[in-house]
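**Student:** One rule links them: number in the working numbering = place in the sequence shown (from 1) + 309.
Got a structure for you, questions after.
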Amino acid sequence: MNMEPIWTVSNVIHLPTHQKKYSSYLWREIKSELVGHVDDERLDIYFNFLSSIGKRGFTYELALSKAKNVNPIFEDEATFKGMLENLFDAGAIANIYRRGRSEGGDIYYWSYNDEDFRINYSFNFEIHPGLWDVLKIPKPKNRFN
């Protein structure tokens, strides 16, 4: 298993294309939010994990499987849950309650919309759309994908 980071805290700021400016800006904002809770090495691990997902949405089970491949520290599920909580609290990921269109569509729970909302591991998750470029997450072809 290759443990070399996909990218590090220091190289994200120097993205080559102009269109990734917002993504880079948002990444820095979320990094600033997390800096008081985790060190730079852990930040690299967190964002390598998000990048390893490879798509915008994920389940807890998929995330746990990917995380264990990113870094052995996630063999401890409490450490993994701590990472998800930190990413959720900083606004990097949201919880999604899945509903059909006839019921009004999915409900997104972002920590910045309701500070009292706590992460729910039984809901699906979505990476903040503003981070997709910096994490190289493919954008959906239409808004319902």
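Each residue gets a CB set at the ideal place from its N, CA and C atoms; glycine is no exception.
Because the structure is a prediction, the values reported are computed rather than measured.
1. Along the chain, which unbroken stretches of the beta strand (DSSP E) at least 3 residues long are found entirely within the segment 348-395?
2. Let's test the definition: count the other Cβ atoms within 10 Å of the Cβ of residue 331 and tell me whether it reaches 16, buried, or not, exposed.
3. Where does residue 430 sit, in a helix, a strand or coil, going by DSSP?
4. Using 8 Å as the Cβ pair cut-off and three pairs as the minimum, do the segment 405-417 and the segment 381-395 touch?
5. Rounded to whole angstroms, what's the CA-CA distance from residue 375 to residue 358? Just pull it up for me.
6. Using a threshold of 8 Å, state whether the C-beta atoms of residue 342 and residue 399 are closer than that.
7. Check whether the Cβ atoms of residue 366 and residue 434 lie closer than 8 Å to each other.
8. Verify whether the separation of the beta carbon atoms of residue 352 and residue 340 is less than 8 Å.
9. Take residue 377 and list the residues in its own chain whose beta-carbon comes closer than 7 Å to its own, dropping the five residues that flank it on each side.
10. In terms of alpha-carbon separation, which member of 355, 360, 370 lies closest to residue 442?
11. Do residue 405 and residue 421 come within 8 Å of each other at the CB atom, strictly closer than that value?
12. Pull up the CB-CB distance for residue 397 and residue 446, whole angstroms please, since I reckon it's below 8 Å.
13. Quick check on the DSSP output: the beta strand (DSSP E) that includes residue 416 runs from which residue to which?
**Tutor:** Short version:
1. none
2. To locate residue 331, count along the sequence shown from 1; it is residue 22. Residue 331 should be labelled exposed.
3. Start at 1 with the first residue of the sequence shown, and residue 430 comes out as number 121. Coil.
4. no
5. For the purposes of this step, residue 375 is identified with residue 66 of the sequence shown, where counting begins at 1. For the purposes of this step, residue 358 is identified with residue 49 of the sequence shown, where counting begins at 1. When rounded, the distance between both Cα atoms is 7 Å.
6. Start at 1 with the first residue of the sequence shown, and residue 342 comes out as number 33. Start at 1 with the first residue of the sequence shown, and residue 399 comes out as number 90. Yes; because the gap between Cβ atoms is below 8 Å, this pair is in contact.
7. Counting from 1 along the sequence shown, the entry for residue 366 is found at position 57. Counting from 1 along the sequence shown, the entry for residue 434 is found at position 125. Yes, they are a contact pair.
8. Within the sequence shown, numbered from 1, the residue matching residue 352 stands at position 43. Within the sequence shown, numbered from 1, the residue matching residue 340 stands at position 31. Yes, these two residues count as a Cβ contact at 8 Å.
9. The residue you call residue 377 lines up with position 68 of the sequence shown. Cβ neighbours of residue 377 beyond the five flanking positions: 383, 384.
10. As a position in the sequence shown, residue 442 is number 133, starting the count at 1. Ranking the options by Cα distance to residue 442, first place goes to 360.
11. Within the sequence shown, the letter at position 112 stands for residue 421. Within the sequence shown, the letter at position 96 stands for residue 405. It is not a contact, given that the beta carbons lie outside the stated cut-off.
12. Position 88 of the sequence shown, counting from 1, holds the residue named residue 397. Position 137 of the sequence shown, counting from 1, holds the residue named residue 446. At roughly 17 Å, the Cβ-Cβ gap does not stay under 8 Å, so residue 397 and residue 446 are not in contact.
13. Within the sequence shown, the letter at position 107 stands for residue 416. From DSSP, the beta strand (DSSP E) with residue 416 extends over 416-418.
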